[in-house]
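S.K.: Chains as they are written, first to last, in the working numbering: chain U, 1 to 113; chain V, 1001 to 1115. Ideal placement from N, C-alpha and C gives every residue a C-beta, glycine not left out. Dumping the structure here so I can ask a few things about it.
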Amino acid sequence: KQEVTQIPAALSVPEGENLVLNCSFTDSAIYNLQWFRQDPGKGLTSLLLIQSSQREQTSGRLNASLDKSSGRSTLYIAASQPGDSATYLCAVRLNSGYSTLTFGKGTMLLVSP
Amino acid sequence: GAVVSQHPSWVICKSGTSVKIECRSLDFQATTMFWYRQFPKQSLMLMATSNEGSKATYEQGVEKDKFLINHASLTLSTLTVTSAHPEDSSFYICSARDASGYEQYFGPGTRLTVT
Chain U
1 KQEVTQIPAA LSVPEGENLV LNCSFTDSAI YNLQWFRQDP GKGLTSLLLI QSSQREQTSG
61 RLNASLDKSS GRSTLYIAAS QPGDSATYLC AVRLNSGYST LTFGKGTMLL VSP
Chain V
1001 GAVVSQHPSW VICKSGTSVK IECRSLDFQA TTMFWYRQFP KQSLMLMATS NEGSKATYEQ
1061 GVEKDKFLIN HASLTLSTLT VTSAHPEDSS FYICSARDAS GYEQYFGPGT RLTVT
């Protein structure tokens, strides 16, 4: 059974810092990996999706990397802003076409002004 | 990107009553829909997977007679919580995927409070 772990569980940084969120998964036979953002009481916003054949994806100040063989992904946030404060969820999908996503517990990020 | 809506966004009901939550794919045909449940400060837990026109497949530990799922069309799935109890209070999120199976799109969630 796929298990997804996110470290740290919570992170507090001052505005402007670069930061890294970590995600690890136990079964490396994945189809893709996705990073989401969730604001309190809200649904999920997809940030980046990395296919199993890809090493990284970038969107603005966000960069996600994938090392499938070691079962790890990182989400790098450059020049953090207070508006980045949210919970960040990592989810993986197994390599069986129509399987669903397995989520980690998330990292709660607080960026202070 | 594809849009998934949920209705209602929040609902309060009395213990023992039933409540229905709708999930719609607005601009694509959702051949597969998923229902998740999220407790405060916890991650999303998959409850069930449904394919259009077929019975839902429930995850272990999820009572199928309590959480009725209907996926009658390619754009609509419903989750009915029957005989709700306070412990059913949670945040319910639906997700949909089209026939390509490439990406899942998530709804905004429904906050259920059972009093």
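Which residues in chain V have a C-beta closer than 7 Å to the C-beta of U:Phe103? List them in chain order.
M.R.: Those within 7 Å of U:Phe103 in chain V are Ser1043, Leu1044.
S.K.: If we cut at 9 Å on Cβ distances, does V:Gly1001 have a partner in chain U?
M.R.: So, interface residue.
S.K.: Per DSSP, U:Glu56 is paired with what?
M.R.: Per DSSP, U:Ser65.
S.K.: Assuming V:Ala1096 contacts V:Tyr1105 (C-beta within less than 8 Å), just tell me the rounded distance between them.
M.R.: 5 Å between Cβ atoms; contact.
S.K.: U:Pro82 by DSSP, collapsed to three states: which one?
M.R.: If DSSP states are grouped into helix, strand and coil, U:Pro82 belongs with the helices.
S.K.: Counting only C-beta atoms, is U:Phe36 closer than 9 Å to chain V at any point?
M.R.: So yes, U:Phe36 belongs to the interface.
S.K.: From the beta carbon of V:Ser1090, is the nearest beta carbon of chain U less than 9 Å away?
M.R.: Chain U, which has no Cβ nearer than 9 Å to the Cβ of V:Ser1090, makes this no.
S.K.: Taking 6 Å as the limit between beta carbons, can you name the residues of its chain near V:Lys1066, skipping five residues before and five after?
M.R.: So the qualifying residues of the chain are Thr1082.
S.K.: Taking the continuous beta strand (DSSP E) assigned at U:Tyr76, which residues delimit it?
M.R.: It spans 72 to 77 - the beta strand (DSSP E) in which U:Tyr76 sits, taken as one unbroken run.
S.K.: Rounded C-beta distance between V:Val1019 and V:Leu1112? I'm assuming under 8 Å.
M.R.: The Cβ separation is near 6 Å, so the contact holds.
S.K.: Which residues of chain U have a Cβ atom closer than 9 Å to the Cβ of V:Ile1093, listed in chain order?
M.R.: The contacting residues are Gly43, Leu44.
S.K.: For V:Phe1039, count neighbouring Cβ atoms within 10 angstroms of its own Cβ and tell me buried if that reaches 16, exposed if not.
M.R.: Flag for V:Phe1039 reads exposed.
S.K.: Along the beta strand (DSSP E) that carries V:Val1004, what are the first and last residues, could you check?
M.R.: 1004 to 1007 is the extent of the beta strand (DSSP E) around V:Val1004.
S.K.: Once you ignore the five residues that flank V:Tyr1036 on each side, which residues in its own chain have a CB closer than 8 Å to its CB?
M.R.: Leu1044, Met1045, Leu1046, Met1047, Tyr1092, Ile1093, Cys1094, Ser1095, listed in sequence order.
S.K.: On the three-pair Cβ rule with 8 Å, is the segment 28 to 40 of chain U touching the segment 10 to 19 of chain U?
M.R.: No: the two stretches stay apart, fewer than three of their Cβ pairs being nearer than 8 Å.
S.K.: Reducing DSSP to helix, strand and coil, say where V:Glu1022 ends up.
M.R.: In the structure shown, V:Glu1022 sits in a strand (DSSP, three-state: E or B).
S.K.: Under 9 Å between C-beta atoms, does U:Thr58 make it to chain V?
M.R.: Output row for U:Thr58: interface = no.
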